[in-house]
Amino acid sequence: MGKKMQIALTVNGEAHELLAEPRELLIYVLRERLNLTGPHAGCETSHCGACTIEMNGKSVKSCTVFAAQANGATITTIEGLGSPDNLSVLQQSFREHHGLQCGYCTPGMITRAHRLLQENPDPTEEEVRFGISGNLCRCTGYQNIVKSILAAAATINGAKEAAE
Amino acid sequence: MNDLTPTPEERTAKLKGLGTSRKRVEDARFTQGKGNYVDDIKMPGMLHGDFVRSPYAHARVKSINADAARALPGVIAVLTAADLAPLNLHWMPTLAGDKQMVLADGKVLFQGQEVAFVVATDRYVCADAIELVEVDYEELPVVTDPFKALEPGAPVLREDLAGQTSGAHGARRHHNHIFLWETGDEAATNQAIGDAEVVAEEMVYYHRVHPCPLETCGCVASMDKVNGKLSLFGTFQAPHVVRTVASLLSGIEEHNIRVVSPDIGGGFGNKVGVYPGYVCSIVASIVTGKPVKWIEDRMDNLMATAFARDYWMKGRISATKDGKITGLHCHVTADHGAFDACADPTKFPAGFFHICTGSYDIPVAYVGVDGVYTNKAPGGVAYRCSFRVTEAAYFIERMIEVLAIELGMDAAELRSRNFIRKDQFPYHSALGWEYDSGDYHTAWDKALKAVDYAGLRKEQAERVEAFKRGETRKLLGIGLTHFTEIVGAGPVKNCDILGMGMFDSCEIRIHPTGSAIARLGTISQGQGHATTFAQILATEIGLSADSITIEEGDTDTAPYGLGTYGSRSTPVAGAAAALVGRKIRAKAQMIAAYLLEVHDGDVEWDIDRFVVKGAPERFKTMKEIAYAAYHNAIPGIEPGLEAVSYYDPPNMTYPFGAYICVMEIDVDTGTHEVRQFYALDDCGTRINPMIIEGQVHGGLTEALAIAMGQEIAYDEIGNCKNSTLMDFFLPTAVETPHYTTDHTETPSPHHPIGAKGVGESPNVGGVPAFSNAVHDAFRAFGLRQAHMPHDHWRIWKIANELGLHG
Amino acid sequence: MIAAAFEYHRPADLKGALGVLAEYGDDARVLAGGHSLIPMMKLRMASVDHLVDLQDIAELKGIRVANGRVTIGAMTTQHEMIASADLSRAAPIMAEAAVQIADPQVRYMGTVGGNVANGDPGNDMPGLMQCLDASFTLVGPDGTREVAARDFYQSAYVTLREDGEILTQISFAAPTGGYAYEKQKRKIGDYATAACAVQVTKAGGKVTSAAIAMTNLSDTPVFSEAAGAALVGTTGDAAAVKAAVTAAVAAINPTGDNRGPAEFKRHIAGIIIGRAITRALSRA
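Protein chains in written order, with the numbering used here: chain A, 1 to 164; chain B, 1001 to 1806; chain C, 2001 to 2284.
So, in structure tokens, the structure goes:
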């Protein structure tokens, strides 16, 4: 067992300080130390993407980051993307277009979709499929996920145009 | 009545009932990351457990030394078979009448098998401790080929069955033989085939795959020694069955066991059976007095939990030269792995494989299935299969294609000539099933028209010529499937899981202010039950679905049910929901009549209210009736408004569909592109079209994976070659095509709302559609049969062996 | 899923990183993006007692294009390379290849240094670097040296980098002419069944230079002089392409795996190399 070190994280706007072994995985720090159980673990070889969060503005698989590496980082999880009184456009769109079934891939998927739309606010269907290719889903066959993301983009862009 | 009175259409719409694409109530928590899955559960003092697993496929376990592991700070216990033996828990019964080791007892029989269970204060210490357990193995010869396993000198796998010449399903003819299950008339079938003008024979292999839900299996077991109560939270597709089994194994009475299936991240049949992890967690919790959590890794899941398929199906199909089928013979060599842990109803060791006459009117048929032990993980029945229906549909849809080649006939036409006709339903198949309803010709014609089948064949013919002229290196394949499947297990008289009849249940309680809570014996793993069962009830009882809470999965509160798998929820629990709604309505009718001061027979039901016949302005809504049930003293009627229904289905249901896959294949690289996929499903009455479409998309994508690259394969010494997601093919959004869904609606005559179930149809029909597309692309060059998966290298191999690489 | 315990170091500069490596020798490993090393550690297939995280070392970042030369800091991520307008102008093959590596999340973290330094035959950047005739800067306790990418790889996971050295940057002359990175894989995220990088220049209808390198077809990337030579001086017609493909395929030595047997990979290699050459020529 390694000795613990001080880890500072800003998660969903809140600052946290905790003692952790350097080898603790960010996914478990979030889930077990900070009780943010939105991101999920679906594999141990960094393939499935269910653990996807945002770290320093990047879409990152939190199962492939050591706590020590994340020291000082700014992190957003699904819990930081919307709340019951203030659901994000993506969260509403996924419900509207049946973009989820068992829900296990959903936090990672929406978190990734959020960053995708920052990278590319008006993607084509092909770009959406490529953009979420790091997130596996076993239930939906992706078709309604893609529909949900495209609809969210249209809503966000429509609102931007209306505002201008 | 005036302009402010809602119309019948408005009142119906307000219910969000049967047939509407009601948005899901589950989505609120899932999209906000507030689901409650097993690994989310935290309890005070909770420990973590995990396994030492065998790297060998077949070996004696000479010794296990856990001293160093136990000495590691934070390690609480290390359990081996020796610790479980005094409790008689080192072995446990399977769902198939066999037994399996919980922890290695003298030997191991497959790579990844559980050898010891380490319990520690956290997952990090647990992982370190596992590395410190020393196991001394002596390797034994391995057999991974079921045909070799039945040879005279084959290694003995099941020493625990030494000398037993019969098992749960009859006689065993070899030490690695499990059972021979037969149905149909072999003599008459052989006669018909012998007399036939045309016979096609083929070995059709449906390879081993794995359901691989995104959430792996796991549980939290918590023995409360103060109250003598065991709580078990876990990934259980059949929580009540798990409770009964846990009671039988542990000796704790069922009323002192609470099993809870919380949110489950996909099941697909992987989460039906009882795993060593559950048993070890329970024992560890009893021994330590603390909650114990076990969550498996993905490699554990792929290597050791219920796999699917591995059926070698040797078929002979006979026909007149005009293409009328006269007989079907099928012998299956079924590779069950080291223990027969198939999740089948007990009387059906080969599940419902004998639906393999499919959509076709075949006068005589025979099926014989030989189950075999090999050095692989146990299982076989899983992955949206409806108990081997995926295997059966693949078999018949491939035999039809091979027969079409033999006859020199178009495969769509051959199907059409042999479909069971609409007027033949209910149809008694040669293998003993009574199909409830179907209209195959309508579905087929609709499908062929939708894709312009004639145009596609013309395009294909032109492409073949262009290929021969050297103008293109891409072939076009048209994959056809018309499947009939069988779901909704099932009638108690012949369907049971470990003795529990396969009924299901729904209990509902209406509250005074007109909303309700209903609980069922099923458990959603993503199918949207909280949304859809409320829709069935809403239409029956006239309260909005938004006012009906649906709960499943807690055995302390939910009525006994057999769980969710085999697409049984709609046919069985859905029927119970409809019938319980009618019980509510029956009592509500009496209350309404009392309130309206008329006889019971003088009121009639109208969407959401009872109306006096001939006086429509006099009515009582269900909401008003609910209040009255709690408020009024009604002579002869108990207060309250609740009911329960346990439904024993009179028959299975028979959904069907027509799928057509248009695929481009690059002959040089072996890569493919699905240009079009059309899926027409007939699941009878459609409860929620949006959810049906989602099920079809998902099932087709699992089918794509299975047909086009996914497999669980082993080398000659039993090493699993596909134990991570690097090599176990799960398509991303890029590899997944766009699907066009369509439907016809042929209600089930015996189901209270005519619904048949649909969850598994897309996997049943999808795999033959994708596979037939590959075969069809090469038909013009002489291909008859090539085993799945059709990954790049195996498609390349087809082209290479046909001489297409010049 | 859980790595063995280690001690963690996050030096502020290169000197600090070299110091830790010098102190702990082969018990220490550097951590770049972590998406090769961390999965290995989680499976306990790599044992690391001292992990040296390079993320704070500023001099390892940055993409510079100056005087016809491209220099990329080792800690530059695939995502940063794809997003760099300067790099897209100077060497468009870089983005074309990078976008075919792994998936979006891995590209946010995976670095060019990590991809070229560890000697994994499945990585895409090494072959590409050989095609571009790149130079790797290695900094160690004894100073700084340059090693050509074409010399760097000896066998699987064995390179010319000494244990105490850190690969700090890659550099190459900005290429001209046509380019292509062609990769066949089983799905997004997979390593190559076969991949090929090609840069060609043409003048007066004739090929004036050609560099062809292959990935995941041997235990190292394969740069084929002979394949390039087979194109130079020709018009790049079908016969020349065929000759180049034949030469390139002769230089590889694929092993069978779940993607398929060696014979299959050899055939696919020929197809992929041919397509890469043809596409590069069309852009020249």
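Built from N, CA and C at the ideal position, the CB exists for glycine as well. Values in this document were obtained by computation on a predicted structure and should not be read as measured data.
- Item | Within 8 Å, strictly: CB atoms of Ile1355 of chain B and Glu1485 of chain B | The sequence position of residue 1355 of chain B within the second sequence is 355, counting from 1. The sequence position of residue 1485 of chain B within the second sequence is 485, counting from 1. The beta carbons of Ile1355 of chain B and Glu1485 of chain B sit closer together than 8 Å.
- Query: Can a CB atom of chain B be found closer than 8 Å to the CB of Phe2264 of chain C?
  - Reply: As a working mapping, residue 2264 of chain C is identified with position 264 in the third sequence. Phe2264 of chain C counts as touching chain B.
- Residue(s) in a DSSP beta bridge with Leu2037 of chain C: On the third sequence, residue 2037 of chain C is found 37 positions in, with the first residue counted as 1. Bridge partners of Leu2037 of chain C according to DSSP: none are assigned.
- Task: Only counting runs of 4 or more residues, tell me where the alpha helix (DSSP H) segments fall wholly within the stretch 39 to 103 of chain A, in order along the chain.
- Result: Counting only runs of 4 or more, we get 67 to 70, 89 to 96.
- Met1663 of chain B by DSSP, collapsed to three states: which one? Counting from 1 along the second sequence, the entry for residue 1663 of chain B is found at position 663. Met1663 of chain B falls in the strand class under three-state DSSP.
- Message: What does the alpha-carbon distance come out to for the pair His2035 of chain C and Ala50 of chain A?
- Response: In the third sequence, residue 2035 of chain C corresponds to position 35, counting from 1. In the first sequence, residue 50 of chain A corresponds to position 50, counting from 1. If you take the alpha carbons of His2035 of chain C and Ala50 of chain A, they lie about 16 Å apart.
- Query: Would Cys1217 of chain B pass as a contact of Pro1345 of chain B if the rule is Cβ separation under 8 Å?
  - Reply: Here residue 1217 of chain B is taken as the residue at index 217 of the second sequence, counted from 1. Here residue 1345 of chain B is taken as the residue at index 345 of the second sequence, counted from 1. Cβ distance not < 8 Å, so Cys1217 of chain B and Pro1345 of chain B don't count as in contact.
- Completely contained beta strand (DSSP E) runs for the stretch 2099 to 2144 of chain C, where each covers 3 or more residues: Within the stretch 2099 to 2144 of chain C, the complete beta strand (DSSP E) runs of at least 3 residues are 2135 to 2140.
- Query: Do His1058 of chain B and Val1142 of chain B have their C-beta atoms within less than 8 Å of each other?
  - Reply: Position 58 of the second sequence, counted from the start, is the residue given in the question as residue 1058 of chain B. Position 142 of the second sequence, counted from the start, is the residue given in the question as residue 1142 of chain B. Cβ atoms of His1058 of chain B and Val1142 of chain B: closer than 8 Å.
- Query: Can you name the residues of chain B whose CB is closer than 7 Å to the CB of Lys2187 of chain C?
  - Reply: Here residue 2187 of chain C corresponds to residue number 187 of the third sequence, with the count starting at 1. Per Cβ cutoff of 7 Å: Phe1729, Pro1731, Thr1732, Glu1735.
- Can you list, in chain order, the residues of its chain whose CB lies under 7 Å from that of Met1590 of chain B, leaving out five sequence neighbours each side? If you number the second sequence from 1, residue 1590 of chain B lands on position 590. Listed in chain order, the non-local C-beta contacts of Met1590 of chain B below 7 Å within the same chain comprise Asp1600, Ile1637, local neighbours out to five positions each way being set aside.
- Pick out whichever of C:Asp2013, C:Leu2014, C:Val2158, C:Lys2042 has its Cα sitting closest to the Cα of Met2001 of chain C. As a first step, residue 2001 of chain C must be located in the third sequence, where it is residue number 1. The shortest Cα separation from Met2001 of chain C among C:Asp2013, C:Leu2014, C:Val2158, C:Lys2042 belongs to C:Lys2042.
- Item | Length of the line joining the Cα atoms of Leu2087 of chain C and Pro2121 of chain C | Within the third sequence, residue 2087 of chain C is the residue found at index 87, counting from 1. Within the third sequence, residue 2121 of chain C is the residue found at index 121, counting from 1. If I take the Cα positions, the gap works out to 25 Å.
- Range covered by the alpha helix (DSSP H) that runs through Met1399 of chain B: The count along the second sequence starts at 1 and reaches residue 1399 of chain B at position 399. For Met1399 of chain B, the enclosing alpha helix (DSSP H) has its first and last residue at 1389 to 1407.
- Query: Can you tell me the Cα-Cα spacing of Leu1079 of chain B and Gly2274 of chain C, whole angstroms?
  - Reply: Residue numbering aside, residue 1079 of chain B sits at position 79 when the second sequence is read from its first letter. Residue numbering aside, residue 2274 of chain C sits at position 274 when the third sequence is read from its first letter. Their backbone Cα atoms lie some 58 Å apart in a straight line.
- Message: Please state whether the Cβ-Cβ distance between Gly2140 of chain C and Gly2119 of chain C is less than 8 Å.
- Response: Sequence index remark: in the third sequence, residue 2140 of chain C carries index 140 (1-based). Sequence index remark: in the third sequence, residue 2119 of chain C carries index 119 (1-based). Result no, Cβ atoms of Gly2140 of chain C and Gly2119 of chain C do not sit closer than 8 Å.
- Does the beta-carbon of Gly2270 of chain C have 16 or more other beta-carbons within 10 angstroms, so that it is buried, or is it exposed? Residue numbering aside, residue 2270 of chain C sits at position 270 when the third sequence is read from its first letter. It counts as buried.
- Query: Considering only the beta carbon of each residue, do Gly1289 of chain B and Cys102 of chain A sit closer than 8 Å?
  - Reply: Counting from one through the second sequence, the residue named residue 1289 of chain B turns up at place 289. Counting from one through the first sequence, the residue named residue 102 of chain A turns up at place 102. Judged by their CB atoms, Gly1289 of chain B and Cys102 of chain A are not nearer to each other than the 8 Å cut-off.
- Are the stretch 1649 to 1656 of chain B and the stretch 1746 to 1766 of chain B in contact at 8 Å, needing three or more beta carbon pairs? A contact is defined here as three or more CB-CB pairs under 8 Å, and the stretch 1649 to 1656 of chain B meets this definition with respect to the stretch 1746 to 1766 of chain B.
- Message: Does chain A have any CB closer than 8 Å to the CB of Pro2261 of chain C?
- Response: Counting from 1 along the third sequence, the entry for residue 2261 of chain C is found at position 261. With 8 Å as the cut-off, Pro2261 of chain C does not count as an interface residue toward chain A.
- Query: Relative to the C-alpha of Ala2211 of chain C, which residue among C:Lys2265, C:Leu2128, C:Ala2102, C:Ser2047 is closest?
  - Reply: Mapped onto the third sequence, residue 2211 of chain C falls at position 211. Its Cα nearest to that of Ala2211 of chain C, the residue C:Leu2128 stands out among C:Lys2265, C:Leu2128, C:Ala2102, C:Ser2047.
- Task: Indicate whether at least one CB of chain B lies closer than 8 Å to the CB of Leu100 of chain A.
- Result: One-based indexing of the first sequence puts residue 100 of chain A at position 100. For Leu100 of chain A, the nearest CB of chain B lies under 8 Å from its own CB, placing it at the interface with that chain.
- Query: Taking DSSP as the reference, what is the three-state secondary structure of Phe1147 of chain B?
  - Reply: Here residue 1147 of chain B corresponds to residue number 147 of the second sequence, with the count starting at 1. Here Phe1147 of chain B sits in helix by DSSP.
- Contact list for the stretch 39 to 63 of chain A against chain C, Cβ threshold 7 Å: With the criterion set as a beta carbon lying under 7 Å from some beta carbon of chain C, the members of the stretch 39 to 63 of chain A are Glu44, Thr45, Ser46, His47, Gly49, Thr52, Lys58, Ser59, Val60, Lys61, in sequence order.
- Which residues, in chain order, does the stretch 1119 to 1133 of chain B contribute to contact with chain A at a C-beta distance below 8 Å? Residues of the stretch 1119 to 1133 of chain B with a C-beta less than 8 Å from any C-beta of chain A: Arg1123, Tyr1124, Val1125, Asp1128, listed in chain order.
- Across which residues does DSSP place Trp1181 of chain B in a beta bridge pair? Numbered from 1 along the second sequence, position 181 holds the residue referred to as residue 1181 of chain B. DSSP output for Trp1181 of chain B lists B:Val1369 as bridge partner(s).
- Message: Determine, for Arg112 of chain A, whether the minimum Cβ-Cβ distance to residues of chain B falls below 8 Å.
- Response: Numbered from 1 along the first sequence, position 112 holds the residue referred to as residue 112 of chain A. Not a single CB atom of chain B sits nearer than 8 Å to the CB of Arg112 of chain A.
- Query: Using the beta-carbon of each residue, which ones in chain B are nearer than 7 Å to Gln91 of chain A?
  - Reply: Taking the first residue of the first sequence as position 1, residue 91 of chain A is located at position 91. Result: Thr1031, Gln1032.
- Query: Tell me, which residues are paired with Gln6 of chain A by DSSP?
  - Reply: Locating residue 6 of chain A in the first sequence gives position 6, where the first residue counts as 1. Under DSSP, Gln6 of chain A forms a beta bridge with A:Leu19.
- Message: Measuring only from the beta carbon, is Glu21 of chain A closer than 7 Å to any heavy atom that is part of the ligand ZN?
- Response: As for the ligand ZN, it is missing from this structure, which has no ligand bound.
- What distance in whole Å lies between the Cβ atoms of Ile1541 of chain B and Ile1584 of chain B, which are believed to be in contact at a cut-off of 8 Å? Position 584 of the second sequence, counted from the first residue, corresponds to residue 1584 of chain B. Position 541 of the second sequence, counted from the first residue, corresponds to residue 1541 of chain B. About 5 Å separates the beta carbon of Ile1584 of chain B from that of Ile1541 of chain B, a gap short enough to meet the 8 Å contact definition.
- According to DSSP, what are the bridge partners of Gly2260 of chain C? Against the third sequence, residue 2260 of chain C aligns to sequence position 260. Beta bridge pairing from DSSP links Gly2260 of chain C with C:Asp2257.
- Message: What does the Cβ neighbour count give for Leu1725 of chain B, buried or exposed, with the cut at 16 atoms within 10 Å?
- Response: As a working mapping, residue 1725 of chain B is identified with position 725 in the second sequence. Buried, because 16 or more other Cβ atoms sit within 10 Å of the Cβ of Leu1725 of chain B.
- Query: Would you say Ile2252 of chain C faces chain B, with C-beta separation under 8 Å as the test?
  - Reply: Taking the first residue of the third sequence as 1, we reach residue 2252 of chain C at position 252. By the rule that beta-carbons nearer than 8 Å mark a contact, Ile2252 of chain C does not touch chain B.
- Task: Could you tell me whether the stretch 53 to 64 of chain A touches the stretch 1303 to 1315 of chain B, where touching means 3 or more Cβ pairs closer than 8 Å?
- Result: Taking a cut-off of 8 Å on C-beta distances, the stretch 53 to 64 of chain A does not touch the stretch 1303 to 1315 of chain B, as fewer than three cross pairs fall below it.
- Task: Would you mind reading off the limits of the alpha helix (DSSP H) that contains His1090 of chain B?
- Result: As a first step, residue 1090 of chain B is located in the second sequence; it is residue number 90 there, counting from the start. Premise fails: His1090 of chain B is in no alpha helix (DSSP H) and is neither H nor E.
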